[in-house]
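Mapping the sequence shown onto our numbering, position 93 (from 1) lands on 1525, and the numbers just tick up by one.
Backbone N, C-alpha and C define an ideal beta-carbon position, used for all residues, glycine too.
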Amino acid sequence: MRLKSNKRLIRIRLLAFLVFLSSAGNLIGPSSLSIAKTVQRQAGAMTLPPDLWADSAPERFSPETLFDIINGDADLYLKAGFVALEFQRFLLNNDSRKSMDLFAYQMNRHRSAFSVFSVRRGREAVPESLTRFAYRYRNGLFFVHGPFYIEIIAAEETNLVVDAMHRLAAAFMEAHPVEVLPIPELERFPSENMIPGSIVLYPAGGFGFEAFDNLFTALYQVKGGEATAFFRPCGSPEEAARLSGGYQAFLLEYEGAMIPLDDALPNSRMLRVADSYTLVFTHGRTVAGVQDAATPEQATMLARRLSAALSSGQN
């Protein structure tokens, strides 16, 4: 899980030091050290619940300064369409031991916010009903709200603080009304045996292949394990064919081996890569396939289901 807040936190103007991560327990996020500032009842456009206090003024980061606060993770946001980040620290009952750090990443559109959310989400995530795309992991709350990707990282994981994180999230959403737009591609995967919450939208470099931007993937339970279905919309059938061939060549460079494919889908190729199998095919203006299957039969079966779903546009 890549949920760290070893993001170099805010250079608060009245302090001569940085606040580093707390090393206590398994919590992720900020130190519980006190920050000596006058508390505020208003947080920018947000109206806070009576027991929540803004402990700092909002601090804003641009694409040019994003590396100052989140270091190595910045590249993901920038490739996905990052516009700005606003950071602010809040306290429950004006208690510095119960701090909550709000990171509001404004992206260029709603699907970009989902992309960052989906890439960062891990298997340990606990789904939340806050929005369609929301989860909690330990002392962190993560969700998508229109073009915003939001992280709220608390200093502790008590029920009291977790409840306060949800109320802070609600205050943010109330202050930032958005139109909830669909992402139609999410409905193009077959639903049977899909692992819930496993869809990822890679903004760039999906599977380590540079040309796989805008790549959608989903995990499936198959006999004996799991396999990944994927597709990437293209501008034309010719572009899809070129991208399919490019990915096959990429796998061959990494010790992949082409193997015979019986009863294949149209325009499909099967490769063995290490101890797993990848099937790549084109479907009109889409390059698609299955990766990490334990057997050729598993890859073929899931690829057929994916092809049928792409044809029907529904599950």
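According to DSSP, residues forming a beta bridge with residue i
{"i": "ARG1568", "result": "VAL1558, LEU1573"}
{"i": "HIS1715", "result": "THR1718"}
{"i": "VAL1548", "result": "Answer is none; VAL1548 lacks a bridge partner."}
{"i": "LEU1480", "result": "Its beta-bridge partners do not exist; DSSP assigns none."}
{"i": "ASP1533", "result": "ARG1521, ILE1585"}
{"i": "GLU1491", "result": "PHE1519"}
{"i": "VAL1705", "result": "SER1708"}
{"i": "PHE1514", "result": "MET1539"}
{"i": "SER1700", "result": "PHE1713"}
{"i": "GLN1723", "result": "THR1660"}
{"i": "ASP1527", "result": "LEU1524"}
{"i": "PHE1580", "result": "GLN1538, HIS1577"}
Beta carbon of residue i nearer than 7 angstroms to that of residue j
{"i": "SER1547", "j": "ALA1602", "result": "no"}
{"i": "ALA1545", "j": "PRO1579", "result": "yes"}
{"i": "LEU1647", "j": "ARG1674", "result": "no"}
{"i": "VAL1719", "j": "ALA1650", "result": "no"}
{"i": "LEU1573", "j": "PHE1522", "result": "no"}
{"i": "LEU1734", "j": "VAL1722", "result": "yes"}
{"i": "ALA1681", "j": "ALA1725", "result": "no"}
{"i": "LEU1697", "j": "SER1739", "result": "yes"}
{"i": "GLN1538", "j": "ALA1566", "result": "no"}
{"i": "ALA1607", "j": "ALA1489", "result": "no"}
{"i": "VAL1632", "j": "VAL1551", "result": "yes"}
{"i": "ALA1741", "j": "ARG1620", "result": "yes"}
{"i": "VAL1576", "j": "THR1563", "result": "yes"}
{"i": "GLU1773", "j": "ARG1568", "result": "Any property of residue 1773 remains undetermined from this structure, which presents the chain solely from 1433 to 1747."}
{"i": "LEU1498", "j": "ALA1506", "result": "yes"}
{"i": "GLY1678", "j": "ALA1643", "result": "yes"}
{"i": "ILE1501", "j": "PHE1493", "result": "yes"}
{"i": "ARG1717", "j": "CYS1666", "result": "yes"}
Burial state of residue i (16 or more Cβ within 10 Å)
{"i": "GLN1730", "result": "buried"}
{"i": "VAL1558", "result": "exposed"}
{"i": "ILE1627", "result": "exposed"}
{"i": "THR1710", "result": "buried"}
{"i": "ASP1707", "result": "exposed"}
{"i": "ASP1595", "result": "exposed"}
{"i": "MET1690", "result": "exposed"}
{"i": "ARG1543", "result": "buried"}
{"i": "ASN1571", "result": "buried"}
{"i": "GLY1640", "result": "exposed"}
{"i": "SER1743", "result": "exposed"}
{"i": "PRO1635", "result": "buried"}
{"i": "PRO1622", "result": "buried"}
{"i": "GLU1611", "result": "exposed"}
{"i": "GLY1657", "result": "exposed"}
{"i": "THR1479", "result": "exposed"}
{"i": "GLY1504", "result": "exposed"}
{"i": "GLU1755", "result": "One cannot answer for residue 1755 here, as it falls past the ends of the chain, which runs 1433 to 1747."}
{"i": "TYR1509", "result": "buried"}
{"i": "GLN1520", "result": "buried"}
{"i": "GLY1461", "result": "Note on GLY1461: pLDDT 42, under 50, position unreliable in the model; the coordinate value appears next. Buried: at least 16 other Cβ atoms inside 10 Å."}
{"i": "LEU1684", "result": "exposed"}
{"i": "TYR1652", "result": "buried"}
{"i": "LYS1422", "result": "In the structure as shown, the chain starts at 1433 and stops at 1747, and residue 1422 therefore has no counterpart that could be examined."}
{"i": "ARG1529", "result": "exposed"}
{"i": "HIS1715", "result": "buried"}
{"i": "ARG1737", "result": "buried"}
{"i": "GLU1748", "result": "The structure shown does not extend to residue 1748, since the chain is modelled only from 1433 to 1747, so the question has no answer here."}
Review point. Going along the chain, which unbroken runs of the alpha helix (DSSP H) with 4 or more residues stay wholly within the segment 1612–1697?
Key: 1669–1685
Check your understanding: Is the segment 1583–1593 touching the segment 1533–1542 in the sense that three or more CB pairs, one from each, lie closer than 8 angstroms?
Key -> yes
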